[in-house]
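Undergrad: Numbered by this note's numbering, the letters in the sequence shown go through residues 13 to 375 in order. Heads up, the beta-carbon is just placed ideally off N, CA and C, and yes, glycines get one too. Computed from a predicted structure; not experimentally measured.
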Amino acid sequence: MQQKRTLVKIQKDVVEVILGLVGALALEGLYWLYGSLGPILLLHHDGHAPECVVFNAAEVPIEWEEHFVGDKVDPRTESFLTWESLESVRRNRVGLKGPMATPIGKGHRSLNLTLRKELGLFANVRPCYSLPGYKTRYDDVNLVTIRENTEGEYSGLEHQVVRGVVESLKVITRQASLRVAEYAFHYAKTNGRQKVSAIHKANIMRKTDGLFLKCCREVAEKHPEITYEEVIIDNCCMMLVKNPSVFDVLVMPNLYGDIISDLCAGLIGGLGLTPSCNIGEGGIALAEAVHGSAPDIAGKNLANPTALLLSSVMMLRHLNLTDKADRIHNAILNTIAEGKYRTGDLGGSASTRDFTKAVCDHL
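1) By the DSSP assignment, the beta strand (DSSP E) with residue 242 in it spans what residues?
2) For residue 256, name the three-state secondary structure that DSSP assigns.
3) Per DSSP, residue 164 forms a beta bridge with which residues?
4) Within 10 angstroms of the Cβ of residue 336, are there 16 or more other Cβ atoms? Answer buried if so, exposed if not.
5) Are residue 143 and residue 98 touching if we call contact CB-CB under 8 angstroms?
6) With burial defined as no fewer than 16 other Cβ atoms inside 10 Å of the residue's Cβ, what is the status of residue 181: buried or exposed?
7) What are the boundary residues of the alpha helix (DSSP H) that includes residue 326?
8) I want to know whether the segment 229-241 touches the segment 176-195 - three or more CB-CB distances under 8 angstroms.
9) Taking all protein chains shown into account, do 16 or more other C-beta atoms lie within 10 angstroms of the C-beta of residue 149, making it buried, or fewer, making it exposed?
10) Run the CB neighbour count on residue 78, radius 10 Å, all protein chains shown included, and call it buried at 16 or more, exposed below.
11) Is it true that the CB of residue 235 sits closer than 8 angstroms to the CB of residue 225?
12) When DSSP labels each residue in this structure, what does residue 192 get in the three-state scheme?
13) Rank 153, 324 and 136 by C-alpha distance to the C-alpha of residue 159 and give the top, closest one.
14) Within a Cβ cutoff of 6 angstroms, which residues of the same chain sit near residue 14, ignoring the five residues on either side of it in sequence?
15) Can you tell me where the beta strand (DSSP E) with residue 344 in it begins and where it stops?
16) Would residue 140 and residue 328 be called neighbours here (beta carbons separated by less than 8 angstroms)?
17) In terms of residue numbering, what span does the beta strand (DSSP E) encompassing residue 107 cover?
18) Give the secondary structure of residue 296 by DSSP, where H, G and I count as helix, E and B as strand, and everything else as coil.
19) Please classify residue 294 as buried or exposed, where buried requires at least 16 neighbouring CB atoms within 10 angstroms.
20) Buried or exposed: which applies to residue 296, given that a residue is buried once 16 or more other Cβ atoms fall within 10 Å of its Cβ?
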């Protein structure tokens with residue numbers, strides 16, 4: 013017997029957009045979502061309306077709980093993200109968030125950094141694969157980047173030494189490095205992947221990246237069935253551009269992961285096609301679209317919902333709703349391959365609603 017499905021109204025007049033399918037309506041921001049194993053948090057702030065559609069057409073047993081990210085700083089989190097939103101995802105363990113942006117240079121704590129730090133989201137997982145029927149320079153990309161999410165250059169430790177001189181600290185710990193390495197090998201094993209590549213710059217940063225590599229080697233010794241290699245970050249960039257098919261699973265510190273994952277997205281057509289999920293301790297998972305909020309097209313029915321829909325598929329797999337995830341995933345791929353309803357970033361003229369309806373039809 014399927015659990016009762018409840019959809020919370022997202023915002024004002026958005027209900028008209030609920031045509032069916034997956035997703036999270038990245039209206040103006042960030043959503044937490046709750047699933048068949050309990051509520052799922054739907055969090056939003058500054059994205060597009062309407063953007064993506066929900067799970068009705070696929071009959072996904074989902075109950076939604078929404079949280080809005082506003083334009084006022086919550087002193088308890090030092091960001092636009094409220095304490096109630098954080099407590100919600102802690103309680104419900106699973107979330108889906110739309111695109112967000114933090115004002116640059118305004119002294120506010122990054123929304124994404126707040127989420128990762130407060131919720132212990134230690135690994136960012138981004139599958140990157142060529143889409144059948146959508147031609148790019150490469151047609152054989154099939155890799156996964158796993159980025160350590162909590163430390164490195166993004167520890168947020170910066171200060172001015174004297175006027176005109178600033179320092180930023182890079183923090184690498186054994187605990188965090190072992191944790192993300194263990195997850196990378198676990199992911200490879202459970203997803204039929206054959207190789208894990210540790211990306212580093214230990215030839216220059218011998219202490220920090222050296223510790224990261226040492227931890228990766230320790231974990232690799234426990235998994236002899238998985239091929240392990242180490243690749244210097246600059247050589248990795250060159251190899252990705254020359255022949256991305258040589259890679260399978262890539263695990264790396266925070267800054268390298270931020271850059272390499274976007275590079276990989278470019279190989280297959282851009283961030284609008286790339287799903288993502290953040291993994292935390294105790295089974296917490298926060299799926300997200302990693303592209304920007306693009307305020308210039310907000311509310312114009314122009315946004316490509318593919319990244320958010322594919323991220324929703326990752327969330328469903330995390331919830332072990334594999335059949336629903338497969339149906340929706342295939343419908344998205346078939347819509348793109350068909351070529352009739354591509355959004356502007358994919359060279360077409362379809363609206364968000366057109367694309368979404370086509371995906372529903374393929375269900």
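TA: A quick look at the data gives this:
1) Position 230 of the sequence shown, counted from the first residue, corresponds to residue 242. 239-244 is the span of the beta strand (DSSP E), which, as asked, contains residue 242.
2) Position 244 of the sequence shown, counting from 1, holds the residue named residue 256. If DSSP states are grouped into helix, strand and coil, residue 256 belongs with the helices.
3) Residue mapping note: residue 164 aligns to position 152 of the sequence shown, counting from 1. BP columns for residue 164 point to 183.
4) Looking up residue 336 in the sequence shown gives position 324. Looking at its Cβ environment, which holds 16 or more other Cβ atoms inside 10 Å, residue 336 is buried.
5) As a position in the sequence shown, residue 143 is number 131, starting the count at 1. As a position in the sequence shown, residue 98 is number 86, starting the count at 1. Cβ distance not < 8 angstroms, so residue 143 and residue 98 don't count as in contact.
6) The residue labelled residue 181 in the question sits at position 169 within the sequence shown. When all chains shown are included, residue 181 counts as exposed.
7) Taking the first residue of the sequence shown as 1, we reach residue 326 at position 314. Element bounds for residue 326: 318-330.
8) With the cut-off at 8 angstroms, the segment 229-241 and the segment 176-195 touch.
9) As a position in the sequence shown, residue 149 is number 137, starting the count at 1. By the 16-neighbour rule on beta-carbons within 10 angstroms, residue 149 is exposed.
10) Residue 78 sits at position 66 when you count from the first residue of the sequence shown. Here residue 78 is buried, its C-beta having at least 16 other C-beta atoms within 10 Å.
11) Within the sequence shown, numbered from 1, the residue matching residue 225 stands at position 213. Within the sequence shown, numbered from 1, the residue matching residue 235 stands at position 223. For residue 225 and residue 235, no; Cβs fall outside 8 angstroms.
12) Here residue 192 corresponds to residue number 180 of the sequence shown, with the count starting at 1. The answer is helix: DSSP assigns residue 192 an H, G or I state.
13) The residue given as residue 159 occupies position 147 in the sequence shown. With distances taken between Cα atoms, residue 159 lies closest to 136.
14) Here residue 14 refers to the residue found at position 2 when the sequence shown is read from its first residue. Residue placement at residue 14 cannot be trusted, given a pLDDT of 42 that sits under 50; what the coordinates show is reported in the next sentence. The answer, listed in chain order, is 73.
15) Counting from one through the sequence shown, the residue named residue 344 turns up at place 332. From DSSP, residue 344 is part of no beta strand (DSSP E) but of the alpha helix (DSSP H) over 334-350.
16) As a position in the sequence shown, residue 140 is number 128, starting the count at 1. As a position in the sequence shown, residue 328 is number 316, starting the count at 1. The answer is no: Cβ separation not under 8 angstroms.
17) Within the sequence shown, numbered from 1, the residue matching residue 107 stands at position 95. That run of the beta strand (DSSP E) goes 106-109.
18) Looking up residue 296 in the sequence shown gives position 284. For residue 296, the three-state secondary structure derived from DSSP is coil.
19) Sequence index remark: in the sequence shown, residue 294 carries index 282 (1-based). Exposed, since its Cβ has fewer than 16 Cβ neighbours within 10 Å.
20) Sequence index remark: in the sequence shown, residue 296 carries index 284 (1-based). Residue 296 should be labelled buried.
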